[in-house]
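Q: The following block contains the structure, expressed as structure tokens.
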Amino acid sequence: METDKLNALTDHLNKLGYGSISNSDTFEVLNLLSSCWLDLQGSDDQKTDVSKLHRAESLSWDKPMLSFTIERHGGTVNGSSRAALHHWVVDLNTGCANISLTGVLQLTPMSPKMDIGAVAEKVANQILLGKPCKTI
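In this text, residue positions in the sequence shown follow the working numbering: the first is 8, and each later residue adds one.
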């Protein structure tokens, strides 16, 4: 593990102080994190390569833990209206990165739910009446 890079990140975070990291400091923190990401055990979980770190949001520092959230869009490529949210915690003392929580973010409104009961009733009635079923 490249401890010099982890130390540079830790030193920078300590200068910022504890708690939420401001938007103006996020760029530098993510640059430093990117430089050591491949050295962190667990950083490849859910195929989270270094190129995805620029999407990190809600960064927070609580020594020795750096936490953040990344919005993943793999499902949207396949038509989903939701993005996965991965909440990461990086322990800079141990050099481990873990997804601590997952969730979803509704990006676009979902289509209305289909009332399958009404459709089934309509088809059943047509069958009972001896009528051909029409395409629904």
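Even for Gly, the Cβ is constructed at its ideal location relative to N, Cα and C.
What would DSSP say about residue 30, mapped onto helix, strand or coil?
A: Along the sequence shown, one-based indexing puts residue 30 at 23. DSSP places residue 30 in helix when its eight states are reduced to three.
Q: Using only CA atoms, which one of 106, 44 and 77 lies nearest to residue 11?
A: Within the sequence shown, residue 11 is the residue found at index 4, counting from 1. The candidate whose alpha carbon is nearest that of residue 11 is 44.
Q: Could you check where the beta strand (DSSP E) with residue 90 kicks off and where it finishes?
A: Start at 1 with the first residue of the sequence shown, and residue 90 comes out as number 83. It spans 89 to 98 - the beta strand (DSSP E) in which residue 90 sits, taken as one unbroken run.
Q: Can you give me the start and stop residues for the alpha helix (DSSP H) that residue 136 sits inside?
A: Locating residue 136 in the sequence shown gives position 129, counting from the first residue. Unbroken run through residue 136: none, as it is neither H nor E.
Q: In angstroms, rounded to a whole number, what distance separates the CA positions of residue 105 and residue 48?
A: Translated into the one-based positions of the sequence shown, residue 105 becomes position 98. Translated into the one-based positions of the sequence shown, residue 48 becomes position 41. If I take the Cα positions, the gap works out to 8 Å.
Q: Here's the rule: buried if 16 or more other CB atoms are within 10 angstroms of the residue's CB, otherwise exposed. What is residue 17?
A: In the sequence shown, counting from the first residue as 1, residue 17 sits at position 10. Under this definition residue 17 is a buried residue.
Q: Smallest Cα separation from residue 102: which of 30, 59, 71 and 60?
A: Along the sequence shown, one-based indexing puts residue 102 at 95. Closest option to residue 102, Cα to Cα, is 71.
Q: To the nearest angstrom, how far is it from the Cα of residue 36 to the Cα of residue 75?
A: By one-based count along the sequence shown, residue 36 stands at place 29. By one-based count along the sequence shown, residue 75 stands at place 68. Those two C-alpha atoms are separated by around 11 Å.
Q: Could you tell me which residues DSSP pairs with residue 67 in its beta bridges?
A: Along the sequence shown, one-based indexing puts residue 67 at 60. Answer by DSSP bridge pairing, in chain order: 27 and 74.
Q: Would you kindly check if the distance between the Cβ of residue 90 and the Cβ of residue 79 is under 8 Å?
A: Within the sequence shown, numbered from 1, the residue matching residue 79 stands at position 72. Within the sequence shown, numbered from 1, the residue matching residue 90 stands at position 83. It is a contact, given that the beta carbons lie within the stated cut-off.
Q: Is residue 58 helix, strand or coil by DSSP?
A: Locating residue 58 in the sequence shown gives position 51, where the first residue counts as 1. Looking at residue 58 - three-state DSSP - the assignment turns out to be helix.
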